[in-house]
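These notes concern the structure reproduced below.
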Amino acid sequence: AQSVTQLGSHVSVSEGALVLLRCNYSSSVPPYLFWYVQYPNQGLQLLLKYTSAATLVKGINGFEAEFKKSETSFHLTKPSAHMSDAAEYFCAVTSYNQGGKLIFGQGTELSVKP
Amino acid sequence: NAGVTQTPKFQVLKTGQSMTLQCAQDMNHEYMSWYRQDPGMGLRLIHYSVGAGITDQGEVPNGYNVSRSTTEDFPLRLLSAAPSQTSVYFCASSYTGQQEAFFGQGTRLTVV
Chain A
5 AQSVTQLGSH VSVSEGALVL LRCNYSSSVP PYLFWYVQYP NQGLQLLLKY
55 TSAATLVKGI NGFEAEFKKS ETSFHLTKPS AHMSDAAEYF CAVTSYNQGG
105 KLIFGQGTEL SVKP
Chain B
88 NAGVTQTPKF QVLKTGQSMT LQCAQDMNHE YMSWYRQDPG MGLRLIHYSV
138 GAGITDQGEV PNGYNVSRST TEDFPLRLLS AAPSQTSVYF CASSYTGQQE
188 AFFGQGTRLT VV
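For the protein sequence lines, the chains are A and B, in the order given. Numbering-wise (the working numbering), the first sequence opens with residue 5 and increments by one. Numbering-wise (the working numbering), the second sequence opens with residue 88 and increments by one.
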């Protein structure tokens, strides 16, 4: 069975500081990994995805993530936080044999202080 | 191109009532799924479908039914609402099982 663990349910950074949101996954087959962002009272929007091409993936709004198979990790980073980055972030995993089912982590709420 | 459309956006039910949450997509996606979102638990899969006429259970299927008679529509039925079903429900669709899912705006359901 696949699973995702996001370390830290709340992360707070200052505006301009590095953003690091952690995601570790478990999968017995090659995974496809996704980061989604959810703004208050809205649906989920895709930030970026890893589907077995380049291990360093760039997404929207300056975010990127690196797939590290040896560490089973897919951490999300952004060099400089902006106030508009405040939201909840979800890491998710699936694979070729999961029929489109996404397994989500618990989510990390990012706060950005001025 | 509307994407994934969910109706209603808000609903209050009494315990024991039944209702159907509607989900429609206009992207010709084969894969559709329903999730519920509860604080601190992320999104949990209720039911999913890999094409018209094919459905299967997810992680938390009890108390919910689905059907997929067309590619576009994937309604979720609550048979007899319980307070434990108070949640935010999201419908999602994807073109293949490996591509990103597109989400609707959600239905906020309260069962009293």
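Glycine is no exception: its CB is placed at the ideal position from the N, C-alpha and C atoms.
Within 10 angstroms of the Cβ of residue i, are there 16 or more other Cβ atoms? Answer buried if so, exposed if not.
i, result
"residue 187 of chain B", "buried"
"residue 116 of chain B", "buried"
"residue 35 of chain A", "buried"
"residue 97 of chain B", "exposed"
"residue 133 of chain B", "buried"
"residue 113 of chain B", "exposed"
"residue 117 of chain A", "exposed"
"residue 124 of chain B", "buried"
"residue 73 of chain A", "exposed"
"residue 60 of chain A", "exposed"
"residue 112 of chain A", "buried"
"residue 43 of chain A", "exposed"
"residue 179 of chain B", "buried"
"residue 105 of chain A", "buried"
"residue 10 of chain A", "buried"
"residue 183 of chain B", "exposed"
"residue 14 of chain A", "exposed"
"residue 96 of chain A", "buried"
"residue 5 of chain A", "exposed"
"residue 129 of chain B", "buried"
Could you work out which residues of chain B lie near residue i, taking near to mean beta carbons separated by less than 7 Å?
i, result
"residue 100 of chain A", "184 and 185"
"residue 53 of chain A", "187"
"residue 121 of chain A", "Examination of residue 121 of chain A is not possible in this model, given that chain A is present from 5 through 118 alone."
I want to verify the contact list: residues of chain A whose CB lies under 7 Å from the CB of residue i, in sequence order.
i, result
"residue 127 of chain B", "13 and 110"
"residue 135 of chain B", "103, 104 and 105"
"residue 145 of chain B", "105"
"residue 181 of chain B", "104"
"residue 192 of chain B", "46 and 47"
Pull up the CB-CB distance for residue i and residue j, whole angstroms please, since I reckon it's below 8 Å.
i, j, result
"residue 177 of chain B", "residue 122 of chain B", "5 Å"
"residue 71 of chain A", "residue 37 of chain A", "6 Å"
"residue 146 of chain B", "residue 131 of chain B", "5 Å"
"residue 173 of chain B", "residue 194 of chain B", "Contact flag wrong, Cβ pair sits at about 12 Å."
"residue 91 of chain A", "residue 41 of chain A", "5 Å"
"residue 29 of chain A", "residue 7 of chain A", "7 Å"
"residue 39 of chain A", "residue 69 of chain A", "6 Å"
"residue 48 of chain A", "residue 63 of chain A", "At roughly 13 Å, the Cβ-Cβ gap does not stay under 8 Å, so residue 48 of chain A and residue 63 of chain A are not in contact."
"residue 160 of chain B", "residue 89 of chain B", "Actually they do not touch by this definition, with Cβ atoms about 13 Å apart."
Name the chain A residues whose beta carbon is nearer than 8 Å to that of residue i?
i, result
"residue 132 of chain B", "105, 106 and 107"
"residue 118 of chain B", "103 and 104"
"residue 177 of chain B", "47 and 48"
Using a C-beta to C-beta distance shorter than 8 Å, which residues of chain B count as neighbours of residue i?
i, result
"residue 94 of chain A", "129 and 130"
Whole beta strand (DSSP E) elements within the region 25-110 of chain A, 3-residue minimum: Fully enclosed beta strand (DSSP E) runs of no fewer than 3 residues occupy 36-42, 48-54, 60-62, 68-72, 77-82 and 91-98 of the region 25-110 of chain A, in order along the chain.
Output the residue ranges of the beta strand (DSSP E) runs that lie fully inside the region 130-194 of chain B and measure 3 residues or longer, sorted by chain position. Entirely contained in the region 130-194 of chain B, the beta strand (DSSP E) runs reaching 3 residues are, in chain order, 130-138, 141-144, 151-153, 163-165 and 174-181.
Using 8 Å as the Cβ pair cut-off and three pairs as the minimum, do the region 73-86 of chain A and the region 10-26 of chain A touch? The answer is yes - the region 10-26 of chain A touches the region 73-86 of chain A, with three or more Cβ pairs under 8 Å.
Given 8 Å, three or more beta-carbon pairs between the region 91-105 of chain B and the region 153-167 of chain B: In short, these stretches touch, since the Cβ pair count reaches three.
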